[in-house]
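Residue numbers (our numbering): 435 to 687. Report on one structure; see the data block that follows.
Structure follows, in structure tokens:
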């Protein structure tokens, strides 16, 4: 049994594409395949830059390293994704040092600029992750993802571990960064309401396949597929006047 089957989609420059579905639908596996953390058994992944299209599945180690500078990942758990033994400066500067892109004063200036971009003070540099809240830790993770000036960011459940109020702040920060830097996002989530807020298009996954893809507002307001209807009907309605009219669509296979 394959985790992902016959999945095909495009990501356009400056676009936010949401991938939504229940646990076990294959969402996270897609992110791992795109970064070649998992090796695909068939198919191709095409990445286009100024030099033209490149087949990611055929890349050698040095080519893959360059590709992974352009495509970065924001992790789900802000508490587990940061090394507790490293300072914030070390965490954010690590990819820059590995890529040999900055050192000395230039490295420190870059870290300060990244912290400012995500709404943190420069004084945070010498502190350790345990000194920060979940939302602040996720901002550090975002700064780390931005360090190499990527073109694409894969956000795998990047807000699901956060409180609702903090979640909204992080989503707004990601939108601000996206517009400022011209990034594209692949936003992986089980929460279709968050995807609707953040994304331009959405792909709905079920059992390793994309069952519906299109404009986020259209799919969330007038879905075609029974599974998509079931996902949307499961979202709680905060308006008490509408609760009595809420109809739960059940999907069976």
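Just so it is clear, CB atoms sit at the ideal spot from N, CA and C, and this is done for glycine as well. Just so you know, these numbers come straight off a predicted model, no measurement behind them.
| query | result |
| --- | --- |
| Is it buried or exposed for residue 497, if we count other Cβ within 10 angstroms and need 16 for buried? | exposed |
| Residue 639 and residue 465 - do their beta-carbons sit closer together than 7 Å? | no |
| Is it the case that the CB of residue 441 approaches a heavy atom of the ligand COA more closely than 6 Å? | Inclusion of the ligand COA in the displayed structure is not the case, the ligand content being empty and no account of it being possible. |
| Residues in the same chain with beta-carbon distance under 7 Å from residue 510, minus the five sequence neighbours each way, listed in chain order, please. | 590, 591, 592, 594 and 595 |
| For residue 679 and residue 586, I'd like the C-alpha separation in whole angstroms. | With a pLDDT of only 45 at residue 679, under the threshold of 50, the placement of this residue in the model should not be trusted, and no figure is reported. |
| How close, in whole Å, do the beta carbons of residue 645 and residue 661 come, if the pair is a contact with beta carbons under 8 Å? | 5 Å |
| What does the Cβ neighbour count give for residue 501, buried or exposed, with the cut at 16 atoms within 10 Å? | buried |
| Considering only DSSP beta bridges, list what residue 621 is partnered with. | 452 and 589 |
| On the CB-based measure, 16 or more other CB atoms within 10 Å of its CB, does residue 614 come out buried or exposed? | exposed |
| Rounded to a whole number of angstroms, what is the C-alpha to C-alpha distance between residue 681 and residue 666? | Note that residue 681 scores 48 on pLDDT, short of 50, meaning its location in the model is unreliable and no value can be drawn from it. |
| Whole angstroms are fine: how far does the CA of residue 624 sit from the CA of residue 457? | 7 Å |
| Looking only at its own chain, which residues have a Cβ that is under 6 Å from the Cβ of residue 469, when we skip the five neighbours before and after it? | none |
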